[in-house]
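For reference, the structure discussed in these notes is given below.
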Amino acid sequence: MRVRLAIIGSGPGGLSAAVTAARLGVDHILLERTGHLSDTIFKYQKRKKVMAHPMRLAKLGDLPFAEGSREEILGGWTATAESQGVNVRYHAEATRIARQGGGFLITLGDGATLEAETVVLGIGVQGNLRRLGIPGEDPAQVFYQLEDPDELKGLRIIVVGAGDAGLENALALCAANTVTIINRQADFSRAKPGNMTDAERAVRGGQIRALHESSPTRIEAGMLFVDTPTGEERVPFDRIIARLGAIPPRRFVEDCGIRFPSADPAAVPELSETYESNVPGLYIVGALGGYTLIKQAINQGHEVVCRIAGQPCAPADENLLRQRFEKCFPGSSVNDVLAYVRRTVPLLAGLTTLQLRDTMLECNLHRFAAGDLVFRRGDYTNSLWNVAEGAAAVEIDPQRPELRPRVEAGQFVGELGLRSGRRRTATVWAAEPTVMVEISVPAMRKLLSSVESVGQELDRVAVRRLIHTTLGAGRQIAELDGLIAAARLQKFKALEPIITEGDPVDALYILRSGSATISRLENGRMSVLGFVGAGGLFGERGFLDVDATRAATIRATVASEVVRIEGDAVRAALAEMPEMSRVFSSAVQSQMERSVRATLANVTRATPPRNISAITDFLVAKGVGEATNVFIIDEKICTGCGNCESACAATHGGISRVSRELGASAEGFLLPLACRHCETPHCMSHCPVDAISRMPSGEVIIDAGTCIGCKACVNDCPYGVISMAELGGDPHAGTNWLARMMAGIGVLPPKRTREDHHDGSAKKAVKCDLCRTAGGVPACVTACPTGAATRLDPESFLTWLREGARAS
Amino acid sequence: MLASMNSTSTIHRSFLLWRGGYYAWVAAGLCVGCVGLYWLAPPAGPRNGGSFAGYTLGTVGLGLVLWLGWFGLRRRRYGGAGRLDEVLSAHVYLGVAVALVALLHCGFRIHGNVHSLALLLLLGVVASGIFGAAAFWSIPARMTRNRAGMTLATMSAELAAIAVRCRALSLSFPDDIVALVARTTSPGGKDRVMGRRDRLRRLNLAAIAQVQDELVRGRDVTPAEILPLAQSLTQHLTMVERLTADLRYRRTLLLWRVIHVPMTVALVAALAIHVLVVFYDW
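Chains as they are written, first to last, in this note's numbering: chain B, 1 to 808; chain G, 1001 to 1282.
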């Protein structure tokens, strides 16, 4: 038997290809290993809700697909396959595909063969699930699928793996069983936003126990031994469900003649932009080619068959990309622009065409004239800028205009802000007519997780630049190669010490992201001396004195990343470039000046000073270490009049975004429940419509017009400062001037509380926007009659505390 | 904007110390000027506000009173760029100054007419204002110390929990102690504590004394049996004291305005009549 087109696998990609082939009248056969269509989706747990991500991507072809249950989708597909006259052969597993003449010879499991001119391989990866592979594994206890969660009741179940499948299983099981989930990562961010927020809620509510940063090591006597950050833990169980993902069935695929780019088991075959493999006439669609989303597979199946049949078919993202490129390259074809980007932006050169297309969907192309501003020091924008042609000039220090390194074509700027979420540390201009590719944070995040080389390149450049900007002292970057070679990135968890008092001086540190406190043991008590923010240099004092040991302990306040430069290299660089010691001594000097001023201020005071250590500890425990702008009330001045909340309500449509009552207080300071505009805003990480953004001036705002009220941010915010509310309404309704004059007794502006935010369809996420919509000066602070309320960054606050807080 | 918020001069500085008491100096300057006018331009006749100096002082005083009264509106005008603590600082110091201006205006003379009524009202408003400023200055720190990290709600809840414990512990004691502990601990909650502090204190102290008496009375009890109840009753007393003190502080911070604000309205009305009458008689 000979056909023009053989489609192997009836998943979304294969089935879509078959439906298109049937409609276009292409002679085809669809080979399915099992007795039903789409086995992967067939094996989803019953009634599983299937999402139609990504929303903005159009669906091509005639195979129906919209968000719905597993049953609805399978039903629709079976009906379409029948009505379109798809030629399916069930129980036909292809065991071998070999070139023969101009086409292929396909051998089936039962020994039968058939010939085809072209082959579409849509077998997915679910036939090749990743195994637990630990000692003691018993197939009667360890499962890799969960078909019907309702069949399991009252069991102790361990779910290994916190991807979407693992979380969905755990959530479906947790109502009737005791569920523990074992997650290799520190959080559930690998999963889709919906699953992630549901799972986090279940963990908070105690329905699921989660072991993060953990991995199973062995099974012994009904116990799973788990390696956790706090040591080994034994978890008793009745059943283990391991959802570790799937990898391509490499042997089979390689036997077909298809090459893989690396030996990594997760590697996917390289494909042309028409999804053709290195074997001409053999196409790959769907998860086998690295495309795990159903809609992508459907579109690819359709595109491939159109092309085989000689029908015109633009990729689904073609229009989206054309719109993106139109402003900068009017009239150019999408492929030309993609080729241009690949040629001019080395960071993206290693991507496959398809990865590049996906990335470019979230990138902006900019054309600058010489002297145009790209971004300004102090801005909070955090995308990555690649110079495609021309060059940019970076102003590191406004006092020293002669020190203005150029960023040439092929290089990038802005990598520090990308990681730390801090303000831009330099101003960047176009030095000549320049084209730049701006990669947004979400696109960058995706690239970092999927393309290893991008992260490595970014880290490499970041280390070089941090060392140059911090220690360079006017030198060219090439002169610092000795330091750069001795530097490496190191990660620290919250509250983990980076330097311990009394240790030998073996390294110098620059903080890349996060923040840290400097503390010292004084009279048996830890006393906090200072605070280091991203970009800050520390551990330098020891290098000014030959015999010194560490004089203080430096501890990360939040998860932080540092550049560690080995001590020998630092000493060698100091010997070679004596002017570098000035950088060190000025850092030490400014620290000493601060502490002397603080001591003087304390000595001249009659009343005892505030307990700065305790206040700092309190603020750090409340997460202020990652804040950029925090609302702090001095309880020794506050009369509790509530005018801050009234002011907030009055300037924000009657809904206050600050609550003193729900805040925390210690040592005479109250931290009301209000947004702190975090360096790396948690709320932004899973907003499905990108309604949350950071303004160049620092405030993190939610665009009410874009918000769909999904609550992802409400669940993401660790500080509980986002609430849901119906917007609109007159803030002054029901009040009159006399009522307001009479000390507000009786009638106040209608301040709605969280409880009043009724459930309704029009609710939006609301939080503090630093009064961006009301003049840009926080009303809560200006409306404080006694001067007790302040909004500021934690560093300024701690400086103020050290240098002369009014003692009382 | 952010930079200005970060300047340490505006961080957690009481309104009375706004820019080192800037408005205290402004008010002092105003007073010196007015006293100078009073001495240097004595009227031909009696000091009744009818001379050049009198009219000038009256106009300044009226202007000040109207501006000071406007604070009631200003404090609920939100969203502007100015800071309310600056306005309040000026309000307090100029408010004290206006008393002197008014006294100079009338030549320190009081009669039984509407003019003197206006003066008395003004002095009353200023006096209540001084009381309020003193309360705003001194109470928050004391209140914070008294609260010891708790809120009104947690204090109430804590008190209720202690009360339950006291009653439960008392059940193994004679009936008179059970009754006394029940009476001591029955009020519960902040609403029923208010205004009964002295009675509650007496009851609580009596209960503690009586429980301790159990040892003396020679019944078959050991200190170990008595101590838990005695300690719980002591905690109850402490919490009642804290709670009542907190409520008293809150009341003081709020209630002086019940005098200050209506009296201001009356003052403005009396001043309107005063001005009309003066010009009608003229």
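Glycine included, C-beta positions come from ideal geometry on N, C-alpha and C.
Between the CA atoms of residue j and residue i - distance to the nearest angstrom
i, j, result
"C313/B", "G705/B", "35 Å"
"L271/B", "N278/B", "7 Å"
"G1112/G", "S1089/G", "34 Å"
"P749/B", "A162/B", "Summary for P749/B: the model assigns pLDDT 47, below 50, so the residue's position carries little reliability, and this model does not support an answer."
"K153/B", "A199/B", "19 Å"
"Q185/B", "G668/B", "38 Å"
"A1258/G", "L416/B", "Per the sequence presented here, residue 1258/G reads as Val, with Ala not at that position. Distance between the alpha carbons of V1258/G and L416/B: 56 Å."
"D617/B", "R204/B", "24 Å"
"V285/B", "E276/B", "9 Å"
"I73/B", "G13/B", "14 Å"
"A140/B", "F104/B", "41 Å"
Per DSSP, cross-strand counterpart(s) of residue i
i, result
"F225/B", "R218/B, R234/B"
"M724/B", "A765/B"
"H954/G", "Summary: the structure shown does not reach residue 954/G, with chain G confined to residues 1001 through 1282, and so no result is reported for it."
"N386/B", "F412/B, V437/B"
"L118/B", "The sequence given here has Thr at residue 118/B, not Leu. According to DSSP, T118/B bridges with L5/B."
"P497/B", "R555/B"
"D634/B", "F669/B"
"I284/B", "L121/B"
"A242/B", "V160/B"
"E276/B", "Y283/B"
Where residue i falls, given that 16 or more other Cβ within 10 Å makes a residue buried
i, result
"H1105/G", "buried"
"E326/B", "exposed"
"M55/B", "exposed"
"R460/B", "exposed"
"F1108/G", "exposed"
"Q296/B", "buried"
"I1110/G", "exposed"
"Y1249/G", "buried"
"K468/B", "Strictly speaking, residue 468/B in this sequence is His, with Lys absent from that position. Buried: at least 16 other Cβ atoms inside 10 Å."
"A191/B", "buried"
"P229/B", "exposed"
"Y509/B", "buried"
"K767/B", "buried"
Range covered by the alpha helix (DSSP H) that runs through residue i
i, result
"I1139/G", "1114-1147"
"F1071/G", "1071-1074"
"C1031/G", "1022-1040"
"C641/B", "Segment: none, C641/B is in no alpha helix (DSSP H) and carries neither H nor E."
"T799/B", "794-802"
"W429/B", "That residue, W429/B, is in no alpha helix (DSSP H); its beta strand (DSSP E) goes 427-430."
Minimum C-alpha distance to residue i - residue among the options
i, options, result
"F65/B", "I298/B, C784/B, D703/B, S513/B", "I298/B"
"S527/B", "E276/B, R555/B, I612/B, E667/B", "I612/B"
"L1255/G", "T1154/G, C1034/G, D1281/G, F1136/G", "F1136/G"
"A79/B", "P330/B, D793/B, L15/B, D379/B", "L15/B"
"L356/B", "P696/B, A486/B, Y340/B, P269/B", "Y340/B"
"D769/B", "C707/B, H652/B, L293/B", "H652/B"
"A1102/G", "V1035/G, R1075/G, D1213/G, H1260/G", "V1035/G"
"G663/B", "A647/B, G654/B, E635/B", "E635/B"
"S646/B", "T616/B, C638/B, R657/B", "R657/B"
"M1143/G", "A1118/G, R1076/G, D1246/G, A1081/G", "D1246/G"
"T470/B", "M444/B, W429/B, A534/B", "A534/B"
"E1225/G", "E1241/G, Q1212/G, G1058/G", "Q1212/G"
"T20/B", "D39/B, G9/B, L60/B", "L60/B"
"C644/B", "A1160/G, L1123/G, V1098/G, Y1078/G", "Y1078/G"
"G472/B", "M577/B, S560/B, E438/B", "M577/B"
Limits of the beta strand (DSSP E) - the one that residue i falls within
i, result
"F618/B", "First-last for F618/B: 612-621, but that is the alpha helix (DSSP H), not the beta strand (DSSP E)."
"Q490/B", "487-492"
"L458/B", "Counting along the chain, L458/B falls outside any beta strand (DSSP E), though it belongs to the alpha helix (DSSP H) covering 452-471."
"L105/B", "103-108"
"E561/B", "560-566"
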